[in-house]
Structure formats: C-alpha cells, structure tokens
Amino acid sequence: MKEKYKEIEAELPIFMQSWWLNSLCGEAWQPCMTFDKKGEATGAMVYHFTSKYGMKMILPLPLSPASGIWFNYPIAAQKLHSKYNFEIQITEKLIAQLPKTFLTITQLGVNFTNWMPFHWQNYKQRTRYTYILENITNLGVVRQGFSDSVKVNLKKGLEDLQVKESENVDLLYQMSKEAIDRSKGKLNYTQATLNMLYFNIKKNNSGQIFEVQNTDNQPIAIALIVWDKQTAYLLISGDEKKHKSAMTTLIWRILEILAEKNIHNFDFEGSMLPHVEPFNRSFGATQKPYHLIFKAKNKFFEILFALKGII
Amino acid sequence: MIKNQYSELCKTESLPVFLQNWWLDIVCGANNWQPILIFDKNNQIIGASFYYNKIRYGFQTITQPVLTPFSGVWMRPFTGKNERKKNQYEAEILKEIAENLPKVSFFSQNFHFSLKNILPFHWAGFENTLRYTYFFENIENTKELYQGFNENVTRNIKKGENLIFEPSDDVQTLYDLYKNSLQHAKSQVYFSFDTLNLLYQKIKENEAGQIFQVKNSENQVVSACLLVWDKETAYLLILGNSRLHQAAATTLIWQLFPYLIEKNIKNLDLEGSMLPSVEKFYRSLGAERKPYFRISKAKNKFIETLLILVKKSPI
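Going down the list, the sequences are from chains A and B. Here the first sequence stands for residues 124 to 434, numbered as in our numbering. Here the second sequence stands for residues 2 to 316, numbered as in our numbering.
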C-alpha cells in the first residue's frame with residue numbers, strides 16, 4: 124500500500140508526506156486507500172500505530188496537526204448529494220481498513236466536514252479549533268485586519284528588532300519548552316525527534332526556523348514554520364514573555380516571506396487555551412474547526428481511558 | 002420576574018420558535034424551565050437562553066426538551082462591522098451564560114448551527130460533539146430544487162403524482178405514522194401523544210405551524226408531517242411515513258416548497274437525523290448539511306462513568 128501511496132503524495136498536505144511520517148515514527152504508520160474500478164486512487168488517510176501499557180493503539184503523531192482525509196472527487200460529483208455520497212462511501216471504506224485497537228484517536232483537519240460515517244461505527248467526536256489567516260499574498264489587506272495593539276507592537280518591533288533565518292534547533296527546543304512550561308503543558312516530543320524532523324524539513328525545502336533578535340543580538344523569540352503548496356503552519360514557537368512585540372514582528376516577517384513564495388494561508392495551529400485565541404484573533408485569523416475522533420475497544424476501556432484523562 | 006422579562010423579549014424580538022416561552026411551557030412543563038438573561042451596561046438584554054431541569058435516575062440534570070431540536074442562545078445582533086469585536090461580544094455573552102447555568106449532575110443541550118464558537122463553553126468545562134441537520138437555504142423556486150434532487154427522488158415525485166396533499170389537524174394519525182416509522186428504523190418515540198397534542202394546539206394558537214399529510218387513492222393517509230416555523234425558517238419537526246409508500250414522504254416534502262414560498266419563509270430545516278436510514282433519505286434531497294453542537298458536561302468522573310455504562314452519553 125505504501126508504494127501506491129507514494130504515487131499520490133504530491134497531492135497531499137505536508138503532514139501526510141511519507142518523509143514527514145518517517146521522521147516522526149519510522150515505519151509505525153500506515154496509509155488507508157480506496158480506488159475506483161480503473162484502479163485510480165479515490166481517497167486516502169494515514170494512521171500512526173503505537174503500543175502503550177502493552178496495548179495496541181492508534182494515536183495522533185506529535186508535531187503533526189490534524190491531517191485529514193484526501194478525496195479525489197469524480198467529475199460527476201457535481202450535485203451536493205453526489206458529493207456527500209462520494210465522501211461517505213470513501214470514508215466508510217477507509218474506516219473499514221483501520222485495525223482493531225484498544226484505543227484509536229485521530230485528528231481530521233479543516234477540510235474534513237462529515238464525521239457521520241465514524242459515528243455509525245461507534246466512534247465519538249469532539250470539535251477543536253485552529254486559526255487560519257487566509258489570502259496572505261495580499262499583505263496590505265492582511266495588515267489592515269490587525270488589531271490596534273498588533274499594529275502598535277509591530278511598529279515598535281520593526282524599529283528595534285531583527286528577524287533572521289536560523290538553524291538553531293537547540294534554541295528552538297529550549298524556548299518552546301519554556302513557553303510550554305509557563306502554560307503548564309508538557310512537550311510531547313524529544314529534542315532528538317525535533318532534530319531529525321528539521322533535518323528532513325530542510326532536505327525537502329518545506330520549512331525554516333526564524334528567530335527574533337533584540338538590539339544586543341540576543342534571541343527573544345523563535346518559530347518553526349513548515350509549508351506545503353497552499354498553507355504554512357506555525358508549528359512551534361517560543362518567546363520571552365516580556366517582549367510583546369517580538370512574536371508579532373516575527374509573524375509579520377514570516378507572512379512577508381510566505382507571500383513572496385505565493386503561499387496563500389497561514390495556519391496558527393490549533394489551541395484551545397484561553398490566552399492563545401485572542402492572540403490569534405488579533406491578527407485577523409479565522410477560527411476553523413477540526414475533528415478529534417476516537418473509539419475505545421469497549422466500555423471498560425472507554426471508562427479506563429476517560430478516567431485517565433486520555434479521552 | 003425574570004420569566005416576565007423573558008416573555009416580553011419573546012414578544013419584541015425574533016427568537017426562534019424553540020425558544021418561545023409558550024413552546025417551553027409545553028415541552029418542559031411550565032415549572033421546569035428557567036430563563037437566563039444577560040444584560041449590557043445600559044440594562045438592555047443582549048443574550049437569552051434557558052435550561053430545562055429534569056430528574057433522571059434520581060440525578061439533577063439539565064437536558065434537551067422533547068420535540069425541540071435545538072435550544073441554545075439568542076443574541077441581540079451586533080451592530081458594528083468589526084468582525085473581531087463581534088466575536089468578542091458573542092464570546093462574552095456565551096461565557097456569561099455558561100457561568101449562569103446551575104451545576105447539575107449532567108448537562109446536555111443542542112445549539113443551533115449558527116453558533117460556531119463553543120470555546121467559552123469549553124473553557125467552562127463543557128465538552129462538545131457535532132451532529133448534523135440538512136438545510137435548504139433561500140428557497141426561491143421549485144425548479145432549482147428539483148434539479149438538485151437525485152434520481153430516486155425525482156422518480157418518487159413522479160410516482161406520487163396521484164397522491165393528495167393537504168393540510169390537516171389530525172394529530173393522532175401523525176403520531177401513529179411517526180411511531181411506525183421509528184420502529185422501522187429501530188428507534189422509538191420519546192414523547193407522548195398528549196404532549197404532541199397539547200403542543201399542536203399551542204402551535205396553532207400562535208400560528209407557528211401546521212400538520213400536512215398525503216393520502217392515496219383509497220383516502221388513506223400514507224405520510225404526514227408537522228411543520229413549525231418562525232420568521233425565516235420552517236422546521237420539519239416530525240415526519241411519519243407508511244412503509245409501503247416510498248414515494249409518499251418525498252411527495253409530502255416536495256409539496257411543502259410551494260407552500261413555503263407563498264408564505265415567504267426562506268429556509269427549510271429538515272431536522273436531519275443521524276440514524277443511517279433516515280439520514281440517507283434527507284441527503285438524497287440535495288439540501289446542505291449543517292453541523293451543530295451538542296454541549297455536555299458531567300459533574301464528575303463517577304457520573305461520566307455511569308453515562309458511558311448506560312450509553313446515554315451523547316459524547
């Protein structure tokens with residue numbers, strides 16, 4: 124199946140590329156695919172399998188936001204109900220290919236709009252959000268959409284701060300860890316994983332680290348941006364709390380670079396944390412829902428995982 | 002006092018039919034629901050919602066009333082143009098409503114699909130899941146609608162040309178047909194005939210709906226529905242169909258469109274179901290699928306565990 128999968132990869136978002144998946148979990152991933160009568164691929168989805176407490180599970184990969192299901196719509200699917208029918212048929216076939224596990228959790232992205240076929244197979248769903256700035260190639264309009272405080276911070280930042288391309292993965296890891304510690308979260312990846320991933324990101328021309336330096340050339344904010352044809356993602360970021368304009372300036376410079384590359388959307392990457400949403404909104408980003416879909420082997424395990432706070 | 006204010010709001014603003022006080026008096030019982038009102042600095046009501054108290058298995062719960070697809074929140078329309086400020090305004094109202102809900106063992110409520118941002122509820126410890134309805138927006142002419150149907154639907158409409166479509170006030174027949182339909186789909190009716198009958202009298206009193214039915218050549222009712230409406234939208238609340246007449250339900254819905262156009266009601270909400278067989282029928286009509294939220298909260302892990310066990314948990 125992985126051979127067949129390689130043939131359609133060019134169409135898929137970055138988080139579904141095999142080099143991406145290999146960097147993060149080696150061979151512990153599988154594609155599910157559907158084909159039409161002529162053998163042409165009609166749909167694809169990937170999953171990452173692992174073992175926890177000795178139990179087989181399908182879990183989201185760290186550093187990989189909602190990926191989704193890829194649909195290769197037939198030309199005939201013009202009417203709304205034909206489109207819906209097609210999506211449901213494909214989704215049902217893909218679900219059927221998922222192995223039985225003690226727990227399956229999958230994140231399906233903003234282009235996936237119908238989770239009903241999962242519901243019919245006794246999965247459950249919760250909505251999570253990400254924030255996307257659309258049509259960033261038109262920077263003037265984007266800047267007009269900034270809130271007053273972003274505008275003020277940006278003006279200040281552009282005078283005092285410098286944004287540079289960087290290859291400093293150590294610093295990226297350290298600063299993002301500090302930021303996560305502050306919000307009492309926990310990093311779910313190691314520095315070694317990040318090193319490996321970044322190496323492959325560069326090899327595939329799919330991303331860059333950027334850092335912000337103050338007048339003393341000290342780094343005060345850092346971010347890893349990755350991209351595919353359509354969208355760039357703010358995958359990891361970290362900043363010193365006291366420099367309000369640092370992250371704003373960083374994002375603005377990144378938008379400029381992305382606009383030059385003719386990338387249309389900037390995804391701030393999902394978070395449900397109360398302080399993150401106003402920050403993303405202040406850039407004029409739009410809230411977009413994605414799906415967290417899960418299923419435990421039976422009620423006993425569902426209760427167990429619910430009590431442990433996993434689902 | 003607060004109920005009077007809520008009733009007044011129902012008269013002066015266009016709240017959805019499912020949030021009207023007369024509706025809630027029937028589906029919850031007059032003493033079982035409480036309004037929540039949110040005021041701005043000038044003491045003007047900017048947000049309204051309600052909750053329905055019910056004792057289930059000895060636990061205090063807040064739940065979705067029968068015959069009521071969504072409850073949710075009414076918000077006074079935001080007057081500015083700034084999208085960000087509008088979001089803030091709405092989030093603030095939702096936050097206050099979430100905070101004003103009494104703490105019960107289990108909470109579950111459906112929101113209208115116009116509510117897109119449930120973060121304020123998430124922050125207040127509520128979980129969510131998405132459900133779907135099928136929705137016809139801006140119904141203007143039947144020709145366009147006809148083109149959107151799939152072949153089965155158009156075939157059924159042709160087959161049903163001899164059926165007689167008419168308004169009716171026969172609640173009993175509607176109830177019986179509906180019961181049969183649900184049994185066929187391996188589900189059951191969650192409300193009594195008396196509740197439906199009482200509600201229908203109120204619906205008529207408030208000019209907020211009508212039963213329609215189709216009859217075959219032997220004068221038997223083969224399909225019936227209850228349509229309710231507010232200013233802009235009609236809701237297909239109940240649809241009952243005789244198993245033998247596949248074409249009847251299609252004919253019934255098809256005949257509703259001219260009626261709606263004449264009444265100048267723009268949208269038809271099919272109030273879709275997540276039951277596979279029912280969903281498939283609604284999907285074939287070519288309406289748009291709209292996701293809406295069901296919000297829920299269990300008081301503690303014990304209740305959460307119980308809910309998983311009795312499978313009443315929607316999430």
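C-beta atoms are modelled at their ideal positions from N, C-alpha and C, and glycine is treated no differently.
| Query | Result |
| --- | --- |
| When A:Phe423, A:Val349, A:Asp339 are compared against glutamate 392 of chain A, the one with the closest alpha-carbon | A:Val349 |
| Alpha-carbon spacing of lysine 4 of chain B relative to asparagine 32 of chain B, whole angstroms | 11 Å |
| Where the region 68–95 of chain B meets chain A: residues whose CB sits under 7 Å from a CB there | Arg85, Asn88 |
| Isoleucine 192 of chain A beta carbon less than 8 Å from that of isoleucine 228 of chain A | no |
| Pairwise C-alpha distance: leucine 381 of chain A and threonine 251 of chain B | 51 Å |
| Distance, alanine 167 of chain A Cα to glutamate 130 of chain A Cα | 12 Å |
| Spatial neighbours of lysine 223 of chain A in its chain, beta-carbon cut-off 6 Å, leaving aside the 5 residues before and after | none |
| Proximal residues to tyrosine 176 of chain B (C-beta, below 7 Å), its chain only, five neighbours per side dropped | Phe194, Leu197 |
| Buried or exposed by the 16-neighbour rule on C-beta atoms within 10 Å, applied to phenylalanine 451 of chain A | Residue numbering for chain A in the displayed model covers 124 to 434; residue 451 of chain A lies beyond these limits and cannot be assessed. |
| Reference phenylalanine 258 of chain B, options B:Ala248, B:His246, B:Leu271, closest by Cα | B:Leu271 |
| Within 8 Å, strictly: CB atoms of tyrosine 135 of chain B and glycine 273 of chain B | yes |
| Neighbour flag for tyrosine 207 of chain A against chain B, beta carbons, 8 Å | yes |
| Tyrosine 254 of chain A: contacting residues in chain B (beta-carbon distance under 7 Å) | Here the premise fails: no neighbours, minimum Cβ distance about 11 Å. |
| Beta-carbon proximity check, threonine 409 of chain A vs isoleucine 255 of chain A, cutoff 8 Å | yes |
| Any 3 or more C-beta pairs closer than 8 Å across the region 105–124 of chain B and the region 291–298 of chain A | no |
| Through-space distance from glycine 241 of chain B to asparagine 234 of chain A, alpha-carbon basis | 35 Å |
| Distance between phenylalanine 194 of chain A and asparagine 101 of chain B (C-alpha atoms, nearest Å) | 43 Å |
| C-alpha gap between leucine 281 of chain A and glutamine 230 of chain A, whole angstroms | 37 Å |
| Cα-Cα separation, glutamate 97 of chain B to leucine 131 of chain B | 22 Å |
| Residue of A:Phe333, A:Arg251, A:Lys179 minimising C-alpha distance to leucine 284 of chain A | A:Phe333 |
| Short CB-CB distance (under 8 Å) between leucine 430 of chain A and chain B | yes |
| Inside the region 67–148 of chain B only - alpha helix (DSSP H) runs reaching at least 4 residues | 84–101, 120–124 |
| 8 Å Cβ cutoff, proline 259 of chain B in contact with chain A | no |
| N- and C-terminal bounds of the beta strand (DSSP E) containing alanine 419 of chain A | 409–419 |
| Local conformation of alanine 219 of chain A per DSSP, three classes | helix |
| Sufficient close CB pairs (3 or more, under 8 Å) joining the region 254–274 of chain A to the region 334–342 of chain A | no |
| Counted within 10 angstroms of its Cβ, other Cβ atoms place serine 299 of chain A as buried (16 or more) or exposed | buried |
| Distance between beta carbons of histidine 113 of chain B and tyrosine 293 of chain B, contact taken as under 8 Å | 6 Å |
| Residues of its chain near threonine 214 of chain A, where Cβ-Cβ distance is below 6 Å and the 5 sequence neighbours each way are ignored | Pro240 |
| Under 8 Å from the C-beta of serine 285 of chain B: neighbouring residues of chain A | His204 |
| Residue-level contact to chain D via CB, leucine 131 of chain B, 8 Å cutoff | Protein chains A and B are contained in the structure displayed, whereas chain D is not. |
| Neighbourhood of leucine 95 of chain B by C-beta, 7 Å cutoff - its chain only, sequence neighbours within 5 removed | Val74, Pro121, Phe122 |
| C-alpha distance - lysine 160 of chain B paired with lysine 216 of chain B, whole-angstrom precision | 13 Å |
| Closest Cα partner of histidine 171 of chain A within the set A:Asp159, A:Ala189, A:Phe158, A:Leu144 | A:Leu144 |
| Sub-8 Å separation of leucine 253 of chain B and leucine 238 of chain B beta-carbons | no |
| Element boundaries [beta strand (DSSP E), containing cysteine 29 of chain B] | Here cysteine 29 of chain B belongs to no beta strand (DSSP E), and DSSP marks it neither H nor E. |
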